[in-house]
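First comes the structure, then the notes that go with it.
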Amino acid sequence: MKKALKIIATVLIIVVLIIGIMFVYDRATIGNQYKINEKNLLIPIIIYHDLVESEDQIQYDYMQTTYETFKKQITGLIDYGYKPITYKDLIEYSKGEKSLYKKSFIITFDDGYEGVYKYAYPFAKENNIPITSFLINDKVGTDGYYSWDEAREMDKSGLVSIYSHSMKHDDYDKYKPEDLLNDVTTSLAQIEDELGHEVEKVFTYPCGLYSEEGRKLLEDNGIIQNLTDSKINQSKTLNLYGLHRMYALEDPVWKILLKIEYRHFRYGG
Ligand SMILES: [Zn+2]
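All letters in the sequence shown, in the order written, are residues 691 to 959 by our numbering.
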């Protein structure tokens with residue numbers, strides 16, 4: 691009996707030591723930057739929709755997030771060592787042209803809600819961090835959505851990247867691939883026209899609905915695509931034409947960090 695206890699205690703001490711060493715190593719290398727293929731980086735892309743002032747404005751936890759929760763989540767991740775990056779950074783990294791910090795992540799907002807202009811944009815300016823907004827062309831300037839003037843103002847700041855979330859937010863998995871391509875290219879062309887410059891060709895599927903044929907045709911046309919599948923991007927299998935994204939919901943930072951590690955474990959790598 692005593693012997694068994696001794697063995698358990700020894701194993702426990704070893705486990706605690708290993709975890710401690712891993713933690714110390716992680717903290718010591720937090721500022722390191724890596725080129726693609728140098729290290730398998732986990733690159734979470736976080737999805738938000740609208741930001742609101744108070745909790746009673748939340749209808750669905752994945753659709754509305756209070757500004758307070760958003761602030762806590764982002765500053766918490768940054769305090770832990772995460773660096774917000776842009777899709778441009780990710781594209782250059784994938785080509786081997788740029789290094790990324792060990793803990794890089796992307797902050798995205800779907801649909802183009804007013805809360806992006808009202809809360810996320812001032813927050814981005816205050817903290818000098820990049821964010822990305824995917825707009826629905828037909829919704830811009832309508833009730834609850836930011837206008838083209840506001841889009842231009844955010845774009846000019848250099849901190850907000852604006853890309854496509856389709857023309858009309860339909861079930862694009864039911865579209866013929868060429869009709870999907872037409873929708874996305876029209877949407878991106880209008881964004882470029884309204885902003886007055888070229889943008890990276892980045893698209894996010896409404897409700898994450900896509901068909902493999904459609905996805906392939908967009909890939910053949912060089913359009914970077916975001917899915918909504920709660921998986922995690924790993925640099926060694928990085929696929930710009932099927933990027934994984936996850937929700938932060940109302941989660942505290944420790945839970946987001948756990949989810950990142952769990953998904954890495956769950957989906958391999
Ligand atoms: Zn959407």
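We put the beta carbon where it would ideally sit given N, CA and C, even for glycine.
Three-way DSSP call (helix, strand, coil) for residue i in this model
i    : result
M712 : helix
G959 : With a pLDDT of 46 at G959, under the threshold of 50, the modelled position of this residue cannot be trusted; read the value that follows with caution. G959 falls in the coil class under three-state DSSP.
P774 : strand
D833 : coil
N722 : coil
T894 : strand
I881 : helix
S851 : strand
I914 : strand
S784 : helix
Spatial neighbours of residue i in its chain, beta-carbon cut-off 7 Å, leaving aside the 5 residues before and after
i    : result
D800 : I737, H739, F824, H855 and T894
D828 : M857 and K858
N911 : L871
Integer-rounded CB distance, given that residue j should sit under 8 Å from residue i
i    : j    : result
L732 : I913 : Not confirmed; about 24 Å, so no contact.
N727 : K792 : Going by Cβ atoms, the distance from N727 to K792 rounds to 14 Å, so no, they are not a contact pair.
I775 : P812 : Not a contact, Cβ separation roughly 20 Å.
Y836 : L741 : The pair is not a contact, with the Cβ atoms about 12 Å apart (cut-off 8 Å).
F795 : Y772 : 5 Å
Y724 : L790 : 6 Å
L767 : V943 : 6 Å
Status (buried if at least 16 other CB within 10 Å, exposed otherwise) for residue i
i    : result
K696 : exposed
T759 : buried
K692 : exposed
T927 : exposed
T798 : buried
Identified DSSP bridge partners for residue i
i    : result
D796 : The residue you asked about is not Asp; residue 796 is Ile in the sequence shown. According to DSSP, which records beta bridges pairwise, I796 is partnered with I735.
N923 : I733
T755 : L741
Residues near residue i by beta carbon distance below 6 Å, same chain, minus five either side
i    : result
Y960 : Any property of residue 960 remains undetermined from this structure, which presents the chain solely from 691 to 959.
S901 : D863
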